[in-house]
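Q: Handing you this structure, nothing more for now.
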């Protein structure tokens, strides 16, 4: 099951999606994607949808023709990192988001003053 969990994560990253967007594409919520990527249960219908998204048969997805776990992994996006933090500690995620928003607002203000 862990092999399929890794394939799900690789497929999501290949599509350039965070867990929330990937879930929306498949008609499930972000928590479900997180469970799948951590070896949680999924239905045959879920596997069919994942295989279709990967462009392979269910058998190929389950047995190796889909995204291989040993292929190079792209760097996780900032949103992926925030989701992981939020799963562990929602308050910590909120603190990081607030810090990033404050910093971005300061940079925008500096750019605005420089362009005047």
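In this note's numbering, the protein residues as written are 209 to 324. Even for Gly, the Cβ is constructed at its ideal location relative to N, Cα and C.
Thinking C-beta only, is residue 266 closer than 8 Å to residue 255?
A: yes
Q: Which runs of the alpha helix (DSSP H) at least 4 residues long sit entirely within the stretch 215 to 300? Give them in chain order.
A: 227 to 234, 238 to 245, 252 to 262, 266 to 271 and 286 to 296
Q: Taking the Cβ atom as the reference point for each residue, do residue 226 and residue 288 lie within a distance shorter than 8 Å?
A: yes
Q: Grab me the residues of residue 209's own chain with a C-beta within less than 7 Å of its C-beta, minus the 5 sequence neighbours each way, in chain order.
A: Note that residue 209 scores a pLDDT of 48, beneath 50, so its modelled location is shaky and nothing firm can be said.
Q: Do residue 270 and residue 212 have their CB atoms nearer than 8 Å?
A: Their beta carbons are under 8 Å apart, which means residue 270 touches residue 212 by this criterion.
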